[in-house]
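K.L.:
Sending over a structure as structure tokens; questions will come in a sec.
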Amino acid sequence: MESINIAAIGANGVGKSHFIQRAIGLPKAPGPQPTAARIFIDNVPYAVTLFELDLEYFDVNPERQIQWPRQIGGTMMPAIDGVLLLYDVMNKESIMELPQTLTALVNSSLPTVLVATKCDNPENVRQVNTEALAAACQSCVSDFKTSASKPENSRNALFRLLKVLVMNRQAEASGTRRRAASVAHLDTPHDSTGTRPMSQHSKHSRASSDMSLVRGLPPQSAGDDNQTVSSMLRTPGIRLDRHNTTPSFLDIEESDGESFHYNDDIPILQRNDDISFDRPAKKTGVTFDELVDRLLAPKMSRSDSNFADVFLCLYRKFAAPGELFTAILTRLDQVKEDKSVHYLTKTSSQLRIIEVVAKWVASYPGDFARPTTRKTLEDFIKHLSSEPIFAAAAQQMRRNLEFSVFEDDDTGWAKSDVIEEDSASGASSLGRPDGPRGSDVTESISSLSVEDHNPARRPSATSSLNTDIGTTKVHQFQFHSYEDYEREAATMVPTYTMPLTKFRYHIFMDTSDDDIADEITRIDWVMFSSIRIRDLVRHVSLNAQQREKSRGMKNVNRMVTHFNHIAKWVANMILMRDKAKHRAQMLEKFMSIALKLRQLNNYNGLAAVLAGINGTAIHRLAQTKALVPADVQKRFARLVLLMGTQKSHFAYRLAWENSPLPRIPFMPLHRRDLVSAEEGSMTFIGPEGDRVNWKKFEVLGEVCLPIMKSQGTPYPNLTKHDVARELILDCLMPIDDEDIYQRSVTVESQGAGGYDAGKKKFPWFAKQ
Numbered sequence: 001m002e003s004i005n006i007a008a009i010g011a012n013g014v015g016k017s018h019f020i021q022r023a024i025g026l027p028k029a030p031g032p033q034p035t036a037a038r039i040f041i042d043n044v045p046y047a048v049t050l051f052e053l054d055l056e057y058f059d060v061n062p063e064r065q066i067q068w069p070r071q072i073g074g075t076m077m078p079a080i081d082g083v084l085l086l087y088d089v090m091n092k093e094s095i096m097e098l099p100q101t102l103t104a105l106v107n108s109s110l111p112t113v114l115v116a117t118k119c120d121n122p123e124n125v126r127q128v129n130t131e132a133l134a135a136a137c138q139s140c141v142s143d144f145k146t147s148a149s150k151p152e153n154s155r156n157a158l159f160r161l162l163k164v165l166v167m168n169r170q171a172e173a174s175g176t177r178r179r180a181a182s183v184a185h186l187d188t189p190h191d192s193t194g195t196r197p198m199s200q201h202s203k204h205s206r207a208s209s210d211m212s213l214v215r216g217l218p219p220q221s222a223g224d225d226n227q228t229v230s231s232m233l234r235t236p237g238i239r240l241d242r243h244n245t246t247p248s249f250l251d252i253e254e255s256d257g258e259s260f261h262y263n264d265d266i267p268i269l270q271r272n273d274d275i276s277f278d279r280p281a282k283k284t285g286v287t288f289d290e291l292v293d294r295l296l297a298p299k300m301s302r303s304d305s306n307f308a309d310v311f312l313c314l315y316r317k318f319a320a321p322g323e324l325f326t327a328i329l330t331r332l333d334q335v336k337e338d339k340s341v342h343y344l345t346k347t348s349s350q351l352r353i354i355e356v357v358a359k360w361v362a363s364y365p366g367d368f369a370r371p372t373t374r375k376t377l378e379d380f381i382k383h384l385s386s387e388p389i390f391a392a393a394a395q396q397m398r399r400n401l402e403f404s405v406f407e408d409d410d411t412g413w414a415k416s417d418v419i420e421e422d423s424a425s426g427a428s429s430l431g432r433p434d435g436p437r438g439s440d441v442t443e444s445i446s447s448l449s450v451e452d453h454n455p456a457r458r459p460s461a462t463s464s465l466n467t468d469i470g471t472t473k474v475h476q477f478q479f480h481s482y483e484d485y486e487r488e489a490a491t492m493v494p495t496y497t498m499p500l501t502k503f504r505y506h507i508f509m510d511t512s513d514d515d516i517a518d519e520i521t522r523i524d525w526v527m528f529s530s531i532r533i534r535d536l537v538r539h540v541s542l543n544a545q546q547r548e549k550s551r552g553m554k555n556v557n558r559m560v561t562h563f564n565h566i567a568k569w570v571a572n573m574i575l576m577r578d579k580a581k582h583r584a585q586m587l588e589k590f591m592s593i594a595l596k597l598r599q600l601n602n603y604n605g606l607a608a609v610l611a612g613i614n615g616t617a618i619h620r621l622a623q624t625k626a627l628v629p630a631d632v633q634k635r636f637a638r639l640v641l642l643m644g645t646q647k648s649h650f651a652y653r654l655a656w657e658n659s660p661l662p663r664i665p666f667m668p669l670h671r672r673d674l675v676s677a678e679e680g681s682m683t684f685i686g687p688e689g690d691r692v693n694w695k696k697f698e699v700l701g702e703v704c705l706p707i708m709k710s711q712g713t714p715y716p717n718l719t720k721h722d723v724a725r726e727l728i729l730d731c732l733m734p735i736d737d738e739d740i741y742q743r744s745v746t747v748e749s750q751g752a753g754g755y756d757a758g759k760k761k762f763p764w765f766a767k768q
């Protein structure tokens, strides 16, 4: 589908969210993120995205094109195709910025629809005259009056703008693009330059001079110093019609629009006189069968591949492994029974389905821990081995069965196969050769042979499969090394055996910043790699009591504990010495280590070091900070801004998305994102509660996928530094926050010019 990006702009409080809600037909007002919908115009679908922007969020200069913000909601803003310009008829302040805004839009060649909101109020109480304002804004495509009682007006306004944008694109394609305003004023004559004749401007100027746009304000006189909005719109030098056709500078950012995801489940515009659709709005949520069909469908884009990763990771929240395996085998039979498909196409489809099963077994072998599902898988592998073209896939899955630890840690969070039904359930017969399903699978696999048709093609297909399985094997090595990482991470528990002395201080100061940063990163990487992605899902899905019973929680808890240990270790190391100059040297060293961690893309270690330096015990040390060089403090301040909480950690999120591999995420923040996604919406929705709320899992996937990708690329040159490791893990130090703070007060008391010394009881009574 072609994409169309529309900005709904206006002053704060004009009702942009409610306008978008009525225009798209949403059940509630949208949030801060862009709103997307699939809309049919002349029986052609378009992916329409609506951006809600306040006028004060971007720079408006009537002498140049409009300057849109670079990001919105943490995402790069794409090129804008059209504008819905909103104002509030009950607030005269809402139109004060319209003149320069409209002129900047004209300079940018952006079709604009003027929208008056809250028009359900009587005209005698309104503060803005809608007729006069519409007459003054002749460069707009059209104008509409909207209200809560007439939602169709909001839909008509959006549809009018969409029609203009589509007609402009069609005209551009044919090389005869017309002005956007001409669509709304087809009966208005134009001169050869494409602009409205001067007589037309004069006509509307005379029409609007008889009334004030803002009710209660007298018309401007020749001696008035303050202009009314009506006169501002007609001020010489501010032309409201288009006077150049220079493309907008935003055209260079059209690729940014690919970052937005359009989903079929988003409600679309309702049917009315001006808007027609060839199918009704889709139901809320998706069925399990629809998700399985998408899982097994050809991978046409990166999002399709991402879907498979997200589905295999999270499907246990709404389906058991046996249910999924049964659905996959059923579709494999359907491919075999389809006589209308060419044998090469049929073989390709079967290879694709088998590849999904191989990826599932390699990534989550614990799903096959229950006897019934495992027996079905073993029989499936045996049938695959009998056919040479599938032998490589069978060998890979058998190897995973032999060397994987089969323990399904499904405590309370996931759906599982019932053990009691193993001997009697229909699923148990799926993999048995003497059962009806076993014979079907045997026939399905045996029908995959291509030797009677084109034996020369078999090596090519086999080598292609080997290539795919080989790629999975390399990826699987990382997954199979979870146990190795877990064993190594278990040796990284702090021992608290070496006292903090001057000797320890000099050893630490003599150790290079690179060695300490490398060792912090090595420890963080081992702990990060020991966490299975489902451990994070369990961590946010279980309550405190259930987490204690779950074996997989120890890896997540270990990394959380280590984060807190690093923060307290940094504070204790800085407070080790009594003299301020020694503390300043230690503080400066940790600021340099923080910079090294940033260069290594170890955001978790960086945040832990910052937590120690910015904690109360260290933050109050004014004398110590005064001795740190200004350039070091300036570089450190940039790191504080990077990991700051402003705008929901916007700076970190932007850096994380653009950081190359290898990298280690700031785990506490991503865990919080998972908690918000898990608690913010239900798993099952729909009238009968039987449809999967896949939007929830898309949000979970947006958090999990970057973590999965990061775990697949280890640091290549990290080596173990024994001295640095001992300093990090074995120092004997107080771990209670109150004890650390008391140490801070001891080395730099309130009366010694410390942080607390500058506080006065009543600073507002200071002498002038």
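Taken in order, the sequence shown gives residues 1 to 768; the numbers are from full-length UniProt numbering. Ideal Cβ positions, reconstructed from N, Cα and C, are used throughout, including at glycine.
With which residues is Leu732 paired in a DSSP beta bridge?
P.N.:
DSSP lists Pro499 as partners of Leu732.
K.L.:
So the alpha helix (DSSP H) Asp99 belongs to, where does it begin and stop?
P.N.:
Checking the displayed sequence, the identity of residue 99 turns out to be Pro instead of Asp. Unbroken alpha helix (DSSP H) run through Pro99: Leu98 to Asn107.
K.L.:
What residue does the alpha helix (DSSP H) around Ala23 start on, and which one ends it?
P.N.:
Note, Ala23: alpha helix (DSSP H), Lys16 to Ile24.
K.L.:
Across the region 40 to 53 and the region 90 to 100, are there enough close Cβ pairs to call them in contact, namely three or more that are closer than 8 Å?
P.N.:
In short, these stretches do not touch, since the Cβ pair count stays below three.
K.L.:
List the whole-angstrom C-beta distance separating Gln67 from Phe58, where the pair is believed to meet the contact cut-off of C-beta under 8 Å.
P.N.:
Right, their Cβ atoms sit about 6 Å apart.
K.L.:
What residue range is occupied by the uninterrupted beta strand (DSSP E) comprising Phe51?
P.N.:
Taken as a continuous stretch (DSSP letters only), the beta strand (DSSP E) holding Phe51 covers Val44 to Asp54.
K.L.:
Let me check understanding here. Comparing Cα to Cα, which of Leu84, Val357, Asp333 and Val747 lies closest to Gln623?
P.N.:
Among Leu84, Val357, Asp333 and Val747, the Cα nearest to that of Gln623 is on Val747.
K.L.:
Determine the direct distance from the alpha carbon of Ile381 to that of Gln395, and round the result to whole angstroms.
P.N.:
Using only the alpha carbons, I get a separation of about 8 Å.
K.L.:
Report the CB separation of Phe508 from Met573 in whole angstroms; it is logged as a contact under 8 Å.
P.N.:
The Cβ separation is near 7 Å, so the contact holds.
K.L.:
Only counting the same chain, and skipping five residues up and downstream in sequence, which positions put a Cβ closer than 7 Å to that of Pro280?
P.N.:
With a pLDDT of only 44 at Pro280, under 50, the local geometry of the prediction cannot be trusted, and the value read off the model is given with reservation. The answer is none, since no qualifying residue turns up.
K.L.:
Spell out the partners DSSP gives Leu384 in its beta bridges.
P.N.:
Per DSSP, none; premise fails for Leu384.
K.L.:
In angstroms, rounded to a whole number, what distance separates the CA positions of Ser744 and Leu705?
P.N.:
Going by the C-alpha atoms only, they are around 42 Å apart.
K.L.:
Rounding to the nearest angstrom, what Cα-Cα distance links Pro78 and Lys696 in this structure?
P.N.:
Between Pro78 and Lys696, the C-alpha separation is close to 25 Å.
K.L.:
From the DSSP output, read off the bridge partner residues of Leu84.
P.N.:
Per DSSP, Ala8 and Val113.
K.L.:
With distance defined between alpha-carbon atoms, name the residue in Tyr652, Leu312 and Ile728 nearest to residue 769.
P.N.:
This structure leaves residue 769 out entirely; the chain is present only between 1 and 768.
K.L.:
Applying the 10 Å Cβ sphere with the 16-neighbour rule, what's the burial state of Arg522?
P.N.:
The residue is buried, with at least 16 neighbouring Cβ atoms inside 10 Å.
K.L.:
Output the distance between the C-alpha atoms of Leu329 and Val292, rounded to the nearest integer angstrom.
P.N.:
Leu329 and Val292: Cα-Cα distance of roughly 11 Å.
K.L.:
Determine the extent of the beta strand (DSSP E) in which Lys145 is found, giving its start and end residues.
P.N.:
Residues Ser142 to Lys145.
K.L.:
Cα-Cα, which of Pro734, Leu600 and Lys634 is closest to Asn717?
P.N.:
Answer by Cα proximity: Leu600.
K.L.:
Any idea if Arg663 is buried or exposed, counting beta-carbon neighbours within 10 angstroms, 16 or more meaning buried?
P.N.:
It is buried - the Cβ of Arg663 has at least 16 other Cβ atoms within 10 Å.
K.L.:
Just to confirm, is the Cβ distance from Tyr46 to Ile4 under 7 Å?
P.N.:
Closer than 7 Å, so yes.
K.L.:
Straight-line CA distance for Val60 to Gln100?
P.N.:
Their backbone Cα atoms lie some 7 Å apart in a straight line.
K.L.:
Using 7 Å as the threshold, is the C-beta distance between residue 770 and Ala594 below it?
P.N.:
Given a span of 1 to 768 for the chain in the structure shown, any question on residue 770 remains unanswerable.
K.L.:
Going by other Cβ atoms of all chains shown within 10 Å of its Cβ, with 16 needed for buried, is Arg121 buried or exposed?
P.N.:
The question names Arg, but residue 121 is Asn in the sequence shown. Flag for Asn121 reads exposed.
K.L.:
Is there a Cβ of chain B sitting closer than 7 Å to that of Ser659, yes or no?
P.N.:
Absent here is chain B; the protein component of the structure consists of one chain.
K.L.:
Tell me whether Asn543 is buried or exposed, calling it buried when 16 or more other Cβ atoms sit within 10 Å of its Cβ.
P.N.:
It counts as exposed.
K.L.:
Can you check whether the CB of Asn614 is closer than 7 Å to the CB of Met667?
P.N.:
No, the Cβ-Cβ distance between Met667 and Asn614 is not below 7 Å.
K.L.:
Under 7 Å, do Val493 and Ile531 count as touching if we go by C-beta distance?
P.N.:
Cβ distance not < 7 Å, so Val493 and Ile531 don't count as in contact.
K.L.:
Please state whether the Cβ-Cβ distance between Val692 and Phe318 is less than 7 Å.
P.N.:
Yes, Cβ-Cβ distance for Val692 and Phe318 is below 7 Å.
K.L.:
Let me know the beta strand (DSSP E) ranges lying completely inside the UniProt domain "N-terminal Ras-GEF" (279 to 405), each 3 residues or longer, listed in chain order.
P.N.:
Correct list: empty.
K.L.:
Glu2 bridges to which residues according to DSSP?
P.N.:
Tyr46, per the DSSP bridge assignment.
K.L.:
Return the residue from the list Ile533, Thr287, Ala607 and Asn107 that minimises the CA-CA distance to residue 780.
P.N.:
Only positions 1 to 768 of the chain appear in the structure, and residue 780 is not among them; the question remains open.
K.L.:
I need the straight-line Cα distance from Arg638 to Arg598, nearest angstrom please.
P.N.:
Computed Cα separation, rounded: 11 Å.
K.L.:
Where in the region 120 to 165 do unbroken runs of the alpha helix (DSSP H), each at least 4 residues long, occur, reported from the N-terminal end onward?
P.N.:
Those alpha helix (DSSP H) runs which fall completely within the region 120 to 165 and span 4+ residues are 130 to 136.
K.L.:
May I have the straight-line CA-CA distance separating Arg155 from Leu161, to the nearest angstrom?
P.N.:
For Arg155 and Leu161, the distance between alpha carbons rounds to 10 Å.
K.L.:
With a 10 Å radius around its C-beta and 16 neighbouring C-beta atoms as the bar for buried, classify Asn124 as buried or exposed.
P.N.:
Answer is exposed; the Cβ neighbour count stays below 16.
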